[in-house]
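Q:
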Amino acid sequence: MPSYRKPWAEPYKIKVVEPLKVTTREYREQKMKEAGYNTFLLRSEDVYIDLLTDSGTSAMSDYQWAGMMLGDEAYAGSRNFYYLEANTRKYYGYKYLVPTHQGRAAEHLISRNLIKQGDYVPGNMYFTTTRLHQELAGGKFVDVIIDEAHEPQNQHPFKGNVDLQKFEDLIKKVGASKIPYISVAGTVNMAGGQPQSMGNMRQVRELANKHGIKVILDATRAVENAYFIKEREKGYSNKSIEEILLEYCSYTDGCTMSGKKDLLVNIGGFIAVNDESLFDELRNMVVVYEGLHTYGGLAGRDMEAMARGMEECVSYDHIRSRVEQVGYFGQKLIDAGVPIVEPAGGHAIFLDAKKFYEHIPQEELPAQALAADLYIESGVRAMERGVVSAGRNPETGENYHPKLELVRLTFPRRVYTQAHLDVAAYSVEELYENRKKAKGLKFVYEPKYLRFFQARFERVS
Ligand code: F0G
Numbered sequence: 003m004p005s006y007r008k009p010w011a012e013p014y015k016i017k018v019v020e021p022l023k024v025t026t027r028e029y030r031e032q033k034m035k036e037a038g039y040n041t042f043l044l045r046s047e048d049v050y051i052d053l054l055t056d057s058g059t060s061a062m063s064d065y066q067w068a069g070m071m072l073g074d075e076a077y078a079g080s081r082n083f084y085y086l087e088a089n090t091r092k093y094y095g096y097k098y099l100v101p102t103h104q105g106r107a108a109e110h111l112i113s114r115n116l117i118k119q120g121d122y123v124p125g126n127m128y129f130t131t132t133r134l135h136q137e138l139a140g141g142k143f144v145d146v147i148i149d150e151a152h153e154p155q156n157q158h159p160f161k162g163n164v165d166l167q168k169f170e171d172l173i174k175k176v177g178a179s180k181i182p183y184i185s186v187a188g189t190v191n192m193a194g195g196q197p198q199s200m201g202n203m204r205q206v207r208e209l210a211n212k213h214g215i216k217v218i219l220d221a222t223r224a225v226e227n228a229y230f231i232k233e234r235e236k237g238y239s240n241k242s243i244e245e246i247l248l249e250y251c252s253y254t255d256g257c258t259m260s261g262k263k264d265l266l267v268n269i270g271g272f273i274a275v276n277d278e279s280l281f282d283e284l285r286n287m288v289v290v291y292e293g294l295h296t297y298g299g300l301a302g303r304d305m306e307a308m309a310r311g312m313e314e315c316v317s318y319d320h321i322r323s324r325v326e327q328v329g330y331f332g333q334k335l336i337d338a339g340v341p342i343v344e345p346a347g348g349h350a351i352f353l354d355a356k357k358f359y360e361h362i363p364q365e366e367l368p369a370q371a372l373a374a375d376l377y378i379e380s381g382v383r384a385m386e387r388g389v390v391s392a393g394r395n396p397e398t399g400e401n402y403h404p405k406l407e408l409v410r411l412t413f414p415r416r417v418y419t420q421a422h423l424d425v426a427a428y429s430v431e432e433l434y435e436n437r438k439k440a441k442g443l444k445f446v447y448e449p450k451y452l453r454f455f456q457a458r459f460e461r462v463s
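For any residue, its number in the numbering used here is found by taking its place in the sequence shown, counting from 1, and adding 2.
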């Protein structure tokens, strides 16, 4: 027996490669300055290891690429649509499907359909685009996630859980008629990719039923959530990912989906619901904003790739490797004493910028500065998930001050090897050792919506 633990390896081999460009520190410093210290404004060709997002950045399989050739590009009734519809029923269990070009388009349609001016939408922490569409439709988002989710080092195994007391308090306060639905995500992106338990989802359903409130799932990373349920929740270790996913969705009335994550495609999304009259409304509205209801802004080939991605992403070997790769990276940082959100999330590791850059106050945007510095020092691209991402309260104009001030290193699926992860972890550790030298940032340009994407900054003197 060898003296070391049995290693694991990625459950795929590489057929096509895309060369990476290695740059100098001086070059990157210049590029970061030109990009206004916003990693979203860098050119991808100037990035070495790109951990900006797992959205649309995954590697498709040969099976998916083969499917692209079977695109039926008919305007109406493409066969790829019917295949996607059948697979959505099979894997997620919903009756009706409305394709959209990506997740936020699905959020737009569901929000416009269900929310009235003055309504409240509770949810297990906000997501940027989800909350914005709820607000644009006239709703007010209310965070009802458990308190543990806001504590970076809290080891709760299901930090994505809804706090049922908070949900019930809101119902008492504003009345169920003002709450069209509860918006539940598994996993919870902004909490650090943290899962929700099956037991919690079941209880959410029961409480919502009592008051005639719908449950709408953000299913973007529900397969990753299913993996955590299998690993951590009593009674699920012998169930398949497919079974867990179906049960999880069965407690909800419908979902919005960004296929660019779990579903292993570069573009695509959908809404799926069980209620026929809601489906009718959505199917009518999609024609106005996306395209006919059998393509919703997608090419036939994109729907085919997404339908095939659904089949691949529920494979245990796939999802285990995906989530454990993230865990491997997280453990390296924990071992080196770097402050991160624990436990490791499903899609990303989040650096705790408040602790990392202890000397930079939140008004000087420590997470934004940390993401910029990481790029300058190593060519690794990450993103801010703190006060910049949180934006402003539309009523008061004040900045939201989230408790979590984080930098997200997000892992595209099937793209980087363990060696890339080692290099990225080393870069973070090196930055941590030199953290005292860091300086904060201030806004010089702030767009009105989703400001983190396009804002520009400069160093505070
Ligand atoms: N919901 C969640 C939980 C998401 O993470 C995203 C996107 C969306 C909805 C919106 O989907 O991008 O297809 O319109 N998240 C990306 C990210 C942008 O980097 O986390 P989309």
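Don't be surprised by glycine CBs; every beta carbon is placed ideally from N, CA and C.
Quick one, which of Leu172, Ala301, Gly339 has its alpha-carbon nearest Tyr434's?
A: Here the closest residue by C-alpha is Gly339.
Q: Quick one: residues with CB closer than 6 Å to any heavy atom of ligand 1, in chain order, please.
A: The answer, residue by residue, is Thr55, Ser57, Gln104, Gly105, Arg106, Phe129, Thr131, Thr132, Ala187, Asn191, Asp220, Thr222, Ser260, Lys262, Gly271.
Q: Note down the Cα distance separating Gln370 from Ile351, rounded to an integer number of angstroms.
A: The alpha-carbon atoms of Gln370 and Ile351 are separated by roughly 16 Å.
Q: Just list the beta strand (DSSP E) runs in the stretch 218-275, keeping only unbroken ones of 3 residues or longer that don't cross its boundaries, in chain order.
A: Complete beta strand (DSSP E) runs here, min 3: 256-260, 271-275.
Q: When you compare the CB positions of Asp264 and Ala224, do they come within less than 8 Å of one another, or not?
A: The answer is yes: Cβ separation under 8 Å.
Q: For Asn89, which residues from the same chain have a beta carbon less than 6 Å from its beta carbon, with the 5 sequence-adjacent residues on both sides left out?
A: Answer for Asn89: Ala309, Met312, listed in chain order.
Q: Measure the Cβ-Cβ separation of Ala355 and Leu411 and say whether it is below 8 Å.
A: Going by C-beta atoms, Ala355 is not nearer than 8 Å to Leu411.
Q: For Gly347, which residues of its own chain have a beta-carbon under 7 Å away from its beta-carbon, when the five flanking residues on both sides are left out?
A: Correct list, in chain order: Thr189, Gly194, Gly195, Gln196, Val328.
Q: Please state whether DSSP places Asp121 in a helix, a strand or coil.
A: Asp121 falls in the coil class under three-state DSSP.
Q: Between Leu44 and Lys33, which are expected to be in contact by the criterion C-beta below 8 Å, what is the C-beta distance as a whole number of angstroms?
A: At roughly 6 Å, the Cβ-Cβ gap stays under 8 Å, so Leu44 and Lys33 are in contact.
Q: Please name the residue or residues paired with Pro101 in a DSSP beta bridge.
A: Per DSSP, Phe272.
Q: Rounded to whole angstroms, how far is the Cβ of Val389 from the Cβ of Pro404, which I believe are closer than 8 Å?
A: Contact holds; Cβ gap of about 6 Å.
Q: Return the CA-CA distance between Arg133 and Arg204, expressed in angstroms with no decimal places.
A: Approximately 23 Å between the Cα atoms of the pair.
Q: Can you list, in chain order, the residues of its chain with a C-beta nearer than 7 Å to that of Leu294? Leave out the 5 residues immediately preceding and following it.
A: Around Leu294: Tyr77, Ala78.
Q: Could you tell me the distance, in whole angstroms, from the CA atom of Gly125 to the CA atom of Ile378?
A: C-alpha separation (whole angstroms): 36 Å.
Q: With DSSP as the reference, label Asn191 as helix, strand or coil.
A: Coil at Asn191, not helix or strand.
Q: Provide the residue span of the beta strand (DSSP E) that contains Tyr447, from first to last.
A: From DSSP, the beta strand (DSSP E) with Tyr447 extends over 443-447.
Q: What did DSSP end up calling Ile184 once you bin it into helix, strand or coil?
A: Note: Ile184 maps to strand in three-state DSSP.
Q: Confirm, please, whether the CB-CB distance from Ile117 to Ala139 is below 8 Å.
A: Yes, the pair counts as a contact, with Cβ atoms nearer than the cut-off.
Q: Compute the Euclidean distance between the alpha carbons of Gly393 and Met3, then round it to the nearest angstrom.
A: In a straight line, the C-alpha of Gly393 is about 55 Å away from that of Met3.
Q: Using the beta-carbon count (16 or more within 10 Å), is Glu208 buried or exposed?
A: Classification of Glu208: exposed, given that the 10 Å Cβ count is below 16.
Q: Let's see if you can read the secondary structure: which residues bound the beta strand (DSSP E) around Thr412?
A: Segment 408-412, the beta strand (DSSP E) holding Thr412.
Q: Rounded to the nearest angstrom, how far is the Cβ of Ser429 from that of Lys262, given a contact under 8 Å?
A: That pair is no contact at about 26 Å.
Q: I need the boundaries of the alpha helix (DSSP H) containing Ile378, first residue and last residue.
A: From DSSP, the alpha helix (DSSP H) with Ile378 extends over 368-380.
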